[in-house]
Amino acid sequence: MGDPGVGRAAPGDLPMSDVDLPKASTLKVARYRSGRLWFMATGLIAVLVATPVLALIWQALRGSSGLWPHLLAYVLPQAFQQTTALLVGVGVLVTLLGTSTAWLVTAYDFPGRRFLAWALLLPLAVPTYIIAYVYLDLLHPIGLVQSAVRAALGYTSPHEFRLPDIRSMAGCIVLLGFVLYPYVYLTTRAMFLTQAANLVEVSRTLGCGRGGVFWRVALPLARPAIAVGVSLALMEALNDIGASEFLGVKTLTVSVYTTWVTRSDLPGAAQIALAMLSLVVALVTIERWARRHQRYWSSAQKARSFTPHRLGTVSGLMVFALGLLPVFIGFIAPASYLVVEAWKRVRFAGLSPRLLSETLNTVTLSAMATLAILLFGVVIAYTARSLPDRITAALQRISTVGYAMPGTVVAIGILLPVAALDQMVDRAALAWLGAPTGLLLIGSGAALGYAYVARFLAIAVGSVEAGFSRIPRSFDHAARSLGRNVTGTFRHIHLPLSKPSLVAAGLLVFVDCMKELPATLLLRPLNFETLATHLYGEAARGTYEEASIAALAIVLVGTLPVAVLARVGRWKS
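So this is what it looks like as structure tokens:
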């Protein structure tokens with residue numbers, strides 16, 4: 019017989035009947051009342067991010083009827099062809115590099131493995147336009163590399179022997195691939211680390227060799243992770259403007275820039291940007307389709323990981339050298355070049371006062387944008403946590419759509435409403451105060467800050483949301499039972515516990531703002547230069563030695579998020 023007291027309420031316990039408990043609808047209404055300001059702020063942020071897309075569509079549709087025939091006949095076919103070829107080539111290369119290196123450092127144990135595991139992330143610190151800037155000088159017909167090759171082969175002049183020109187589609191694919199492969203490496207290695215050991219062991223008992231385990235077990239399970247990494251790399255390649263222009267590849271992004279700046283044709287640029295949006299939507303759709311069975315490969319996340327196979331000394335050193343090759347091409351060689359050239363420049367002429375002012379502009383603008391992005395990211399992530407329903411989920415998706423859009427698309431979409439608002443403010447100031455304000459928002463850099471917010475808000479939302487996910491829901495319930503409303507719960511519970519994720523998000527956003535080139539080129543105020551635009555201008559003029567210090571500063575700052583990824587992701591293990 020059971021204990022008669024089991025299941026009974028003690029005299030001091032709360033009543034357990036459903037009649038005495040508050041109804042779910044009542045709790046939801048109370049939660050919405052206390053979180054009304056959070057919900058309204060999230061809706062306003064979503065409107066701010068969606069406005070550039072709507073403005074872009076409106077501007078493209080109101081263009082003159084003669085633009086589309088010209089674009090369809092002379093601009094879009096070549097731009098689409100070159101963009102498609104670039105994306106296909108980069109996609110294949112980053113898949114091969116990212117997947118193979120991820121498998122090497124996960125499935126095999128060799129000397130230098132721990133170093134290589136995080137060093138493979140270092141090319142993320144080098145923006146695409148810097149890699150093109152460096153290798154254009156290194157691989158110049160009279161540059162260091164070709165001169166050394168000719169000396170080794172006994173030639174004395176570039177007319178006698180020269181390597182293929184780096185200014186080509188193949189050169190652009192190779193350089194972008196060796197910079198962007200870490201996106202695939204990150205996602206794929208994370209999946210390899212979580213694969214269950216029993217899957218590998220069962221395949222080995224069924225007669226699969228180590229190559230068969232990779233091709234028949236690990237690679238099929240990794241396809242969704244590979245798709246995520248490839249889509250991120252392709253979006254970065256599509257966003258690139260500096261490397262493509264330097265290397266003579268006329269992509270859609272370059273076409274937008276030249277149509278707007280060189281030809282002063284904003285409707286035409288908006289229409290090309292709309293074509294880019296369709297390409298982005300296609301990329302996102304393909305990536306979502308590839309991840310439709312994601313739960314299948316992620317179901318073993320808590321299973322025991324397999325033990326890497328120990329290689330001999332000779333084979334291990336060969337594997338280490340093979341894995342170090344993309345690190346050398348994507349980071350070591352360009353970083354070493356920048357250090358040498360920057361040292362030469364400093365010894366010859368010192369630091370330019372203009373460079374100091376550009377550094378101040380870069381840091382100030384990036385810091386202000388980072389603070390706004392962090393604030394908005396916290397609002398969106400916390401609203402999605404405290405008021406979970408379909409509306410807040412939709413607002414969150416809208417707020418993060420900017421990261422999927424290239425910087426040129428965001429810039430054109432922002433210019434239109436901001437310019438209209440500038441005109442309204444100017445007319446109002448002239449009527450009421452008798453003094454015009456001019457281009458107040460564009461001239462002050464507010465439009466550029468707006469572009470940074472729309473472009474990189476998804477990074478802050480994702481990082482903050484990941485930090486919130488580590489806080490148990492019981493903390494929220496306990497705070498509410500003690501009388502805290504939605505804002506009080508955030509101030510006393512979530513904010514203190516999520517400071518590490520906020521710092522990491524701020525660092526990632528700050529570096530991305532510093533490196534952003536397309537939106538900065540198109541929306542910067544007059545006579546306002548950042549390190550990225552300074553580098554772009556000097557490289558376009560061919561004065562590489564003048565830009566080496568700016569490029570080195572960007573690369574050094576870019577190593578900070580790599581250090582965070584290596585620490586948070588435990589890449590040394």
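Going by this note's numbering, the first residue of the sequence shown is number 19, and it counts up by one from there. Built from N, CA and C at the ideal position, the CB exists for glycine as well.
A residue is called buried when at least 16 other Cβ atoms come within 10 angstroms of its Cβ; H552 meets this threshold and is buried. A distance below 6 Å between beta-carbons, with the five flanking residues on each side excluded, links I477 to the following residues of its chain, in chain order: L526 and V527. G260 sits close to Y554, with the two beta carbons spaced by under 8 Å. Closest in alpha carbon position to V93, among M294, Q441 and V364, is M294.
The segment 236 to 306 is shown to contain whole alpha helix (DSSP H) runs of 4 or more residues at 237 to 257, 260 to 264 and 270 to 275, in chain order. M532: member of the alpha helix (DSSP H) spanning K517 to K533, first to last residue. Secondary structure remark: continuous alpha helix (DSSP H) runs of at least 4 residues inside the segment 450 to 512, in chain order: 458 to 461, 464 to 487, 491 to 499 and 504 to 507. In this structure, DSSP gives D183 a state outside helix and strand, which the three-state scheme calls coil. When DSSP states are grouped into helix, strand and coil, D440 belongs to the helix group. Its chain contains P435 as the residues whose beta carbon lies nearer than 6 Å to that of T69, once the 5 sequence neighbours on both sides are disregarded; these appear in chain order. Annotation: A568 to F264 spans about 17 Å, alpha carbon to alpha carbon. If you keep only unbroken alpha helix (DSSP H) runs of at least 4 residues inside the segment 101 to 164, you get 131 to 137 and 146 to 156. Residue Q414 holds the alpha-carbon nearest to the alpha-carbon of V482 among E534, A469, Q414 and D440. At least 8 Å separates the beta-carbon of A245 from that of I430. With a threshold of 16 other beta carbon atoms within 10 Å, S487 falls short and is exposed. Annotated as distal: A97 and S375, with beta-carbon spacing of 8 Å or more.
Burial check for E178: the Cβ neighbour count within 10 Å stays below 16, so the residue is exposed. Spanning the alpha carbons of T388 and E556 requires a straight line of approximately 27 Å.
A buried status is given to D283, since no fewer than 16 other beta-carbon atoms sit within 10 Å of its beta-carbon. Counting along the chain, the unbroken alpha helix (DSSP H) around V381 starts and ends at P371 to S404. Take R363, set aside five residues on each side of it, and the residues of its chain with a beta-carbon closer than 8 Å to its own are E563, E564, S566 and I567, in chain order. With respect to the C-alpha of R491, the residue from V397, R445 and S404 having the closest C-alpha is S404.
Residue state for R363 is assigned as helix, using DSSP reduced to three classes.
For V67, the uninterrupted alpha helix (DSSP H) run begins and ends at R54 to L79, by DSSP.
The C-alpha of R559 is placed about 33 Å away from the C-alpha of S249. Bounds of the alpha helix (DSSP H) holding R408 are R408 to S417.
Beyond the five residues adjoining it in sequence on each side, R180 comes within less than 7 Å, by CB distance, of P159 and Q164 in the same chain, given in chain order.
Approximately 33 Å separates the beta-carbon atoms of G53 and V443; this is outside 8 Å, ruling out the contact. H327 has Y126 as its beta-bridge partners, per DSSP.
The way I'd put it, the segment 506 to 519 doesn't touch the segment 123 to 131; fewer than three beta-carbon pairs between them come closer than 8 Å. No Cβ-Cβ contact shorter than 8 Å links V167 with V419.
Around the beta-carbon of T331, fewer than 16 other beta-carbon atoms lie within 10 Å, marking it exposed.
Straight through space, the alpha carbons of L393 and D494 are spaced by roughly 21 Å. In the three-state reduction of the DSSP assignment, R542 falls in the coil class, being assigned neither a helical nor a strand state. Contact between L89 and G286 holds: CB atoms are separated by about 6 Å, below the 8 Å threshold.
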